[in-house]
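**Student:** One structure coming up, written as structure tokens, with questions to follow.
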Amino acid sequence: MATYVYETIPQSADEKPERFEIQQSMKDDALTAHPETGKPIKRVIVGGYGFSIGGNAPTPSSGGHSCGGGGCGCHN
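The sequence shown begins at 116 in this note's numbering and counts up by one.
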């Protein structure tokens, strides 16, 4: 199960959006209404947390895959 962030869609100028989290399967469609209030909502894309890979993963300076050695121009 993944945790998704949703936000209510204000229906008037004085209403502020409300953010909340819902656990859903990645196979589930995005919700369109708040499960408790029925207000219209949208899924929000937010930055996540990184993770580390142990073992012999290539580093940017090792010439491995992706940006290895600065070949893509992102390390100039």
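C-beta atoms are modelled at their ideal positions from N, C-alpha and C, and glycine is treated no differently.
Would you mind working out which of I160, K154, R158 and V159 sits nearest E130, comparing C-alpha positions?
**Tutor:** Translated into the one-based positions of the sequence shown, residue 130 becomes position 15. Out of I160, K154, R158 and V159, K154 has the C-alpha closest to the C-alpha of E130.
**Student:** Taking the CB atoms as reference points, tell me whether Y119 and A148 lie closer together than 9 Å.
**Tutor:** Taking the sequence shown and counting its residues from 1, the one referred to as residue 119 is at position 4. Taking the sequence shown and counting its residues from 1, the one referred to as residue 148 is at position 33. In this structure, A148 does not lie closer than 9 Å to Y119 by Cβ.
**Student:** From I160, I168 and K142, pick the residue whose C-alpha is nearest to that of E136; which is it?
**Tutor:** Counting from one through the sequence shown, the residue named residue 136 turns up at place 21. Nearest option by C-alpha distance: I160.
**Student:** Note down the Cα distance separating K157 from I168, rounded to an integer number of angstroms.
**Tutor:** Here residue 157 corresponds to residue number 42 of the sequence shown, with the count starting at 1. Here residue 168 corresponds to residue number 53 of the sequence shown, with the count starting at 1. Going by the C-alpha atoms only, they are around 32 Å apart.
**Student:** Could you tell me the distance, in whole angstroms, from the CA atom of Y164 to the CA atom of A128?
**Tutor:** Along the sequence shown, one-based indexing puts residue 164 at 49. Along the sequence shown, one-based indexing puts residue 128 at 13. Cα-Cα distance, rounded: 33 Å.
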